[in-house]
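Have a look at the structure below, then the notes.
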Amino acid sequence: MTCRSSRGGAARAVLPVLLVLLGSAPARARAAEPPPSASVEGRLLFDVHGEDEGLSSLSPLVLLQDRVGFLWVGTGDGLFRFDGRSFVRWGVKEGLPDARITALHQTPAGVLWAGTRAGLARLDGLRFAAVPASAGLPRATVHAIASDGHGTLSVATARGLYLTISDRFHVDARTDGFPETAVTALATAPDGGLLIGRDGRLFRRDGGHTKEYGFPIGLPALERIDDVAADGAGGVWVRGGGQLFVLAKGAERFRPAPLPSGAEIGSGPLALGPGGRVVVPTSRGAWLDDGERLVRLGRSDGLPGEVVLSALGDRDGSLWLGLNGIGLVRRAGTGAVRHWGPEDGLPEGAVFYAVRLRSGPGAGTIWAGTASGLSRVGGDGRARPPAGAETLPDGPVLSVVPAPDGAVWVAAWGGGVFRFDPAGSAPRRYGAAGLAPAEFSVLALLAPPSGEVWAVGRLGVHVLRKGAREFVRADVPGGTGADVVQDVVSAPDGSVWAASRAGLLRLSPSPRRFGTPDGLPTATLVAVATMPDGTLLVVGASGGLHRFRPEGEALARVPLPPGAARLPARLVALGAAADGTIWAGGDGLYRVRPDAPEPDRIGRRDGLPSADVVPNSLRVDPDGGVLFGTTRGLARCDPALLGPPPPPPAVAFTSAFAGSRPLPLDRPAVLSSDERELKVSWSALSFAGSSQTRFRVRVAPLDAAPSETSASELLLKALPPGEYRLEVTALPPGGGAGPEPAALGFEVTPKLTETLAFRLLGLLLAAAALYGAVKLRTRALEAQLAQLTEKVGDQDLALARKEKDLEEAALTDALTGVRNRAFFQKSIGEDVDRSVRAYAPFATPAQRRAGDLVFYFVEVDHLERVNEAHGFAAGDRVLSEAVERMKGFVRSSDYLVRWGGRSFLVVTRASGRERGDVLASRILSALSASPLTLEDGTELLLTASVGWAPFPWLTDAPGDVPYEDVLRLADRALQTAKDEGGNRAVGVFAPGPALADGTEAHLQAAGSLSEADGKTVRLVRTSNPEAS
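Heads up, our numbering is the position in the sequence shown plus 585, with the first residue counted as 1.
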C-alpha cells in the first residue's frame, strides 16, 4: 500500500480552476463517442517522420541502424538515411542497381550492403557500387544478406545462396542434385552458424557444410519460409505460411509462438526490437515479444496505422516501425507511459485528478475529473460520463475519491460534493453548513478508512463526519478564517495533513498549524505528500522540495535522497511509492529513487502527451504505477517498464563541401590553394528530442575555447593556409555531453606567394635593399611611433567607451533598467522581416511556428493609488519589482521594453501563437506570486492587465498587416482587459483570411474589441485567480 493510496484527490491550484471557469472549457462539454479502437490501458505516443523531413516514399520496407547510429530506410523508391532531422536519398543515380530495396546488412567490419530487385551494392564513400556479374553474383532479386560467425558474407537470391570467398561470390551448390532454387531467408544463429530458408524448409551451414536443421527438431515443412531471426536471448524464430515458430534457448524442439488464440500472423519479415526481442510486422499492427508472450501493438495503442511493413529496435531503446503509406514511426519511450485523450472519449483540456478503483462493482475502471466534468474509463477503454453525471453542475471536477465501500466521492467546482453509489443509484449532493452550493468550492477531497470525508478549498477545511448529512467547518487555530487550502493527504498512522497558503495543517488528530517558526521554509505551500516512514514532503510557492518528520508539536527536518537536489525549483504535484521513491510533477514527471544521484525526468520523449503536469494531480497506485493529469489529458507511468537513460548522443558528420566540391568524411580533406571556403554539416544521432540538441563546436587552432550553438552546420570563409581540426560534441536537452567529440581534419593548401620559402626570399631581398636607408632612422622613428601609438590608442579607447555608454543609455530605461522604445524601434524591423519570411509558401510547419512574434502589453493595475497613498517612490518600487518578476520568465531570445508610464511591452520570438495565453497566464501569475512589502511595511499584491496579439496577423498573407497595426490591436486588447476589471489578459486573433485588408477599419466600425469578438477578431481571455 502506498502512502497516497487513501488520498482522494490532491487539490488543484486555484489558477487553472478559474481559467477553466472563465472560458478555457465549454459548459457541460460531453465528449463524443471514441472510436472502437480505444484501449483499456491507454495509448502510446508515436512520432511520425515522413515528407516534412524528406522521406518521399512513405512505405518503409527494410530498416537498419548502422554502427555510427544512422537509420537506413529501404523503400520501393530508393534508400534513405535518417539522422534525426532529415532524410538523404540514394537511388539509381547514386549507384544502386535498382530503386526498390529488398535487404540491408552491415558486416562486422562496418561495410554497408543493400540488396535490390536487380542485385547487390555496397556503400563506398558517398555513392553505392553495384556488384558486377563478373564478380560471380547474378543480377537477381536479393532476399536477405547475413554474415556468419567467421565474417563470411552470404546473399540469399532468387537463384540460390551465394557466399564470398576471396572477394568473389560463389554459389553454395546443393548436395541433393536438384537445380538451384530461391533462398528466401537468412540469419546468423546465436553460435555463429548460418540459418537458411529454402523450399519451405530450414537448413544450417557450419564449417562449409549445409544440412537440414528445422524438420528433425519439430519445425514442419512450410509452403515458404518468409524470414528467420535469432533474438537477443539466443532463441530462433521462423515465420512462414501464416505461422510463427520459436526454438527457445535451451529448448530441444521448435514450438508454435505464444500467440493469443485466433491471432492472425500473416506473412512477411521478422525484426529485432528493443532489447533484442522479436517484433513481427503484420497487416494488423505488430506483435512484440515481452519475454513471456507476444502482445499486439495497433491502433488501439495509438499507432497511426495498421499495416506494419518493417520494424527495428535502435541502440537508444526506441522502437521504430515502417507503416504503409504513413512513413517511419517511432514509439516515444519504452512503452512505460500511456495516456488517454479526446480520441478515447475524454473531453478536450486538462485532467485535474483521476483514480483507478481497486474494489467494488467498478473495480478496474478509472474515474477522472476534467475541465468539462466527470468521466469514467470503462473496461472497453472508452471514457464516458458515468450514470448520474448529468446532475453535476456545469464546469470542472477537481477531485475524485474512492470510498472504502466502493463508492466514489466527487468535488464539482461551485457545486459541492457528490457521492456516486456503487449500486448505480442517483448521486447524492452534500453541502456545507452555512454555505450556498455555489460557495462550497472544493479543491480536494480525502476519504480515509476511518469513515469521515475531508473537503478543502477556497474557504478552508470542511469535514463530513461518519453518518452526517452535511459538511461542517473544521478550522485550524491560527488562520484567518478564509484559508485557501490546496492539498490534503493521510499519513500511515491515520493523521490527516493539508497544504495551505498559511502553513502546513494537521487536521487530525488535534488540529495544529505549522509555519516558518516551526522550520518551514515558507508558509505558502502548494503540495504535500507522505512517505512510507510517515515523513512529510512539502513544496512551497517559491519552489524547492523539503522533508519533515512530525514529532509531537514540532517538525524535524529530514534529509532528502541525493537526486532531489537536482529537481527543478518549480514543482506542482507530489507522491511517494511504497519503496521510498519520490514522484514529482512540474515541466514533466520526475522520479527520485532512494539511492540514485540524479532524478529521472519523464517527458515527451518518453511518451507524455504534454509536459505540463496539472498541479496536485499525481497519485501513486498500490502497484507502483503513477496516474496523473496533464493539460492534454490523463497519463499513467509504469516504472517497471522505464528503461535506463539513453546513452549520450554521438555526433556524425553528414556532409562537407569546399565550395561546391564534396569532400570525403572518412579521412582528412585537402582544400586546394583556390578553395578557401568550407561548409560542414553534422547531426547528433539521438532520435529522442534531437530538435532540442545543442552542440559545442571548436575549430583548432582558430578557436581557443569551444562555443555553443543549436545549428548543425558551420561555414568557414577566407581560411588562411594551414592544418585544422573541427571538433563537435552534442549537448542533449537533459544535460551532459557526448562521449567524445567528433573530429574532422582538413588542410588548406597555400598559394605560391603564401609559402614559407617565398616569403623568406622576399623578406631577405627587401631587408637587403632597405637595410642601409632604414638603419639610420630606425630608433627615432620607433620612438615617435610608440608615442603616437600610445596616445592614439588611449584616445580611441576612451572614445569607444564613451560611445558605447551613450548608446546603451539611449536604449535603456533609467528607472527599471530594461530596454526602452528606442531599442524596440531599432530591433523590431529585423524580427518582422524574419517572421514574414517564415510564413513564405515554401516554409515548413516547423519554420512557421519558429517565425511567430507575440506582442504583450503589460500595465500594472492601480499604480495611481500607490502613488497617491504612498508616494511616487513607492510607485517606482512597484514598477521595478514588476520588472524583476517579469525577467524571471522572459527568455534571452525575447525582450522586455518599458513602453511608458506603468506600461511594458514583452516581445516573444518563436513561442507559437497557439501558446500565447500560456505566457499571458505566466505573466499574471509571476506578478502576483507573492506580496510586495514597501518601506513603511505595507504589503501590496501586484496585479496587471495584459493585452496581446500575434504577428503576422494573417498567416496566409503575412506582409499585409504591418506590425504597427498589430501593436494597436494588442493595445486595444489591453484596454479591454482594463475595462473588464484588470488582473486578466486578453489576446486577439484574426478569425480567418477574409479580412486581408482593412482590419483596423473594420475594428473602428465595430467599436470595442468585445463587440468585434467572433466577427472581425477572435478574443482569448485569461484570468489570474491567484490574486482574485
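Beta carbons: idealized from backbone N, C-alpha and C, even for Gly.
For this session: Starting from the Cα of leucine 1559, find the closest Cα among Ser984, Leu1517, Val1482 and Tyr1441 and give me that residue.
Result: Counting from 1 along the sequence shown, the entry for residue 1559 is found at position 974. Of the listed residues, the one whose Cα sits closest to leucine 1559 is Tyr1441.
For this session: Note down the Cα distance separating histidine 1131 from valine 813, rounded to an integer number of angstroms.
Result: Taking the sequence shown and counting its residues from 1, the one referred to as residue 1131 is at position 546. Taking the sequence shown and counting its residues from 1, the one referred to as residue 813 is at position 228. Cα-Cα distance, rounded: 55 angstroms.
Problem set entry | valine 1602 (DSSP reduced to helix, strand or coil) | For the purposes of this step, residue 1602 is taken as the residue at position 1017 of the sequence shown. If DSSP states are grouped into helix, strand and coil, valine 1602 belongs with the strands.
Problem set entry | Straight-line gap, threonine 737 to alanine 720 (C-alpha atoms, nearest Å) | Working through the sequence shown from its first residue, we reach residue 737 at position 152. Working through the sequence shown from its first residue, we reach residue 720 at position 135. The alpha-carbon atoms of threonine 737 and alanine 720 are separated by roughly 16 angstroms.
Problem set entry | Status (buried if at least 16 other CB within 10 Å, exposed otherwise) for aspartate 1288 | In the sequence shown, the residue the question calls residue 1288 occupies position 703. With fewer than 16 Cβ atoms within 10 Å of its Cβ, aspartate 1288 is classed as exposed.
Problem set entry | Assigned secondary structure, glycine 1148 (DSSP; H/G/I helix, E/B strand, else coil) | Locating residue 1148 in the sequence shown gives position 563, counting from the first residue. Reduced to three states, the DSSP call for glycine 1148 is helix.
Exercise. Looking at the structure shown, is aspartate 1556 part of a helix, part of a strand, or coil, going by DSSP?
Worked result: Taking the sequence shown and counting its residues from 1, the one referred to as residue 1556 is at position 971. Aspartate 1556: helix per DSSP, three-state reduction.
Exercise. Going by DSSP, which residues form a beta bridge with alanine 788?
Worked result: Mapped onto the sequence shown, residue 788 falls at position 203. Residue identity differs from the one stated: residue 788 is phenylalanine in this sequence, not alanine. Beta-bridge pairing links phenylalanine 788 to Ile781 and Glu797.
Problem set entry | Other residues of its chain near asparagine 1568: CB distance less than 8 angstroms, five sequence neighbours each side excluded | As a first step, residue 1568 must be located in the sequence shown, where it is residue number 983. Around asparagine 1568: Asp1446, Leu1509, Ser1513, Thr1528, Ala1529, Ser1530, Ser1608, Asn1609, Ala1612 and Ser1613.
For this session: Please list, in chain order, all residues of the same chain as leucine 604 whose beta carbon is under 6 angstroms from its beta carbon, the five residues on each side excluded.
Result: Locating residue 604 in the sequence shown gives position 19, where the first residue counts as 1. Note on leucine 604: pLDDT 36, under 50, position unreliable in the model; the coordinate value appears next. Excluding sequence neighbours, leucine 604 sits near nothing in its chain.
Exercise. Can you check whether the CB of leucine 648 is closer than 8 angstroms to the CB of tryptophan 998?
Worked result: Position 413 of the sequence shown, counted from the start, is the residue given in the question as residue 998. Position 63 of the sequence shown, counted from the start, is the residue given in the question as residue 648. In this structure, leucine 648 does not lie closer than 8 angstroms to tryptophan 998 by Cβ.
Exercise. DSSP beta-bridge partners for arginine 1176?
Worked result: Numbered from 1 along the sequence shown, position 591 holds the residue referred to as residue 1176. Looking at the DSSP assignment, arginine 1176 forms a beta bridge with Trp1168 and Asp1185.
For this session: Would you give the residue range spanned by the alpha helix (DSSP H) that alanine 1505 belongs to?
Result: The residue given as residue 1505 occupies position 920 in the sequence shown. Per DSSP, alanine 1505 belongs to the alpha helix (DSSP H) from 1501-1512.
Exercise. Are the region 1250-1267 and the region 648-662 in contact at 8 angstroms, needing three or more beta carbon pairs?
Worked result: no
For this session: Express the C-alpha separation of threonine 692 and serine 732 in angstroms, rounding to a whole number.
Result: Residue mapping note: residue 732 aligns to position 147 of the sequence shown, counting from 1. Residue mapping note: residue 692 aligns to position 107 of the sequence shown, counting from 1. Between serine 732 and threonine 692, the C-alpha separation is close to 6 angstroms.
Exercise. To which residues does DSSP link phenylalanine 937 through a beta bridge?
Worked result: Residue mapping note: residue 937 aligns to position 352 of the sequence shown, counting from 1. Answer is none; phenylalanine 937 lacks a bridge partner.
Exercise. Ends of the beta strand (DSSP E) at arginine 753?
Worked result: As a position in the sequence shown, residue 753 is number 168, starting the count at 1. Where arginine 753 is concerned, the enclosing beta strand (DSSP E) stretches over 753-756.
For this session: With DSSP as the reference, label glutamate 618 as helix, strand or coil.
Result: Start at 1 with the first residue of the sequence shown, and residue 618 comes out as number 33. Interpretation of glutamate 618 is limited by its pLDDT of 36, a score under 50 that renders its predicted location unreliable; no figure is taken from the coordinates.
Exercise. Does the distance from the CB of valine 1157 to the CB of proline 1194 come in under 8 angstroms?
Worked result: On the sequence shown, residue 1157 is found 572 positions in, with the first residue counted as 1. On the sequence shown, residue 1194 is found 609 positions in, with the first residue counted as 1. Cβ atoms of valine 1157 and proline 1194: not closer than 8 angstroms.
Problem set entry | Sequence-distant residues of its chain with Cβ nearer than 8 angstroms to arginine 862 (five each side left out) | Taking the first residue of the sequence shown as position 1, residue 862 is located at position 277. Only Asp816, Gly817, Ala818, Leu873, Asp874, Asp875, Gly876 and Gly898 meet the Cβ criterion.
Exercise. Going by beta carbon distance, what residues of the same chain come within less than 7 angstroms of proline 1182, once the five residues before and after it are set aside?
Worked result: The residue labelled residue 1182 in the question sits at position 597 within the sequence shown. For proline 1182, where only same-chain residues beyond five positions count, the Cβ hits under 7 angstroms are Pro1147 and Gly1148.
For this session: Determine the burial state of leucine 722: buried for a count of at least 16 other Cβ atoms within 10 Å of its Cβ, exposed for fewer.
Result: Working through the sequence shown from its first residue, we reach residue 722 at position 137. Looking at its Cβ environment, which holds 16 or more other Cβ atoms inside 10 Å, leucine 722 is buried.
For this session: Within the region 989-1041, note down every full beta strand (DSSP E) run reaching 3 residues or more, in order along the chain.
Result: 993-997, 1001-1005, 1013-1015 and 1027-1031
Problem set entry | Residue range of the unbroken alpha helix (DSSP H) whose run includes proline 1430 | The residue labelled residue 1430 in the question sits at position 845 within the sequence shown. Counting along the chain, the alpha helix (DSSP H) containing proline 1430 begins and ends at 1430-1435.
Exercise. Sorted by chain position, which residues of the same chain lie with C-beta nearer than 7 angstroms to arginine 786's C-beta, five sequence neighbours on each side aside?
Worked result: Start at 1 with the first residue of the sequence shown, and residue 786 comes out as number 201. Excluding sequence neighbours, arginine 786 sits near Glu797, Gly799, Phe800 and Ala806.
For this session: Identify which residue in Ser1035, Pro1117, Leu1366 and Ala1114 has its Cα closest to the Cα of glycine 1079.
Result: For this step, residue 1079 is matched to residue 494 along the sequence shown. Among Ser1035, Pro1117, Leu1366 and Ala1114, the Cα nearest to that of glycine 1079 is on Ser1035.
Exercise. Residues in its own chain within less than 8 angstroms of aspartate 1461 by CB, not counting five upstream and five downstream?
Worked result: Counting from 1 along the sequence shown, the entry for residue 1461 is found at position 876. Excluding sequence neighbours, aspartate 1461 sits near Leu1400.
Exercise. Does DSSP classify glycine 1088 as helix, strand or coil?
Worked result: Start at 1 with the first residue of the sequence shown, and residue 1088 comes out as number 503. DSSP places glycine 1088 in strand when its eight states are reduced to three.
Exercise. Just curious, the beta strand (DSSP E) that phenylalanine 1474 is in, first and last residue?
Worked result: Position 889 of the sequence shown holds residue 1474. Run containing phenylalanine 1474: none; DSSP gives neither H nor E here.
For this session: Specify the secondary structure class of lysine 1563 as computed by DSSP and reduced to three states.
Result: The residue you call residue 1563 lines up with position 978 of the sequence shown. Three-state DSSP puts lysine 1563 in a helix.
Problem set entry | Spatial neighbours of isoleucine 802 in its chain, beta-carbon cut-off 8 angstroms, leaving aside the 5 residues before and after | Here residue 802 refers to the residue found at position 217 of the sequence shown. Hits under 8 angstroms: Leu832, Glu837, Arg838 and Phe839.
Exercise. Ends of the beta strand (DSSP E) at aspartate 812?
Worked result: Taking the first residue of the sequence shown as position 1, residue 812 is located at position 227. First-last of the beta strand (DSSP E) with aspartate 812: 812-815.
Exercise. When you compare only the Cα positions, how much space is there between alanine 1353 and aspartate 1379?
Worked result: As a working note, residue 1353 is residue 768 in the sequence shown. As a working note, residue 1379 is residue 794 in the sequence shown. Alanine 1353 and aspartate 1379: Cα-Cα distance of roughly 36 angstroms.
Exercise. Going by DSSP, which residues form a beta bridge with aspartate 1197?
Worked result: Translated into positions along the sequence shown, residue 1197 becomes position 612. The partner list for aspartate 1197 (beta bridge, DSSP) reads Asp1172.
Problem set entry | Simplified DSSP assignment, three categories, for tyrosine 1548 | Counting from 1 along the sequence shown, the entry for residue 1548 is found at position 963. The answer is helix: DSSP assigns tyrosine 1548 an H, G or I state.
Exercise. So which of Thr955, Gly907, Ser1488 and Val1124 has the shortest CA-CA distance to leucine 1145?
Worked result: What you label residue 1145 is simply residue 560 of the sequence shown in a count that begins at 1. Cα-wise, what sits closest to leucine 1145 is Val1124.
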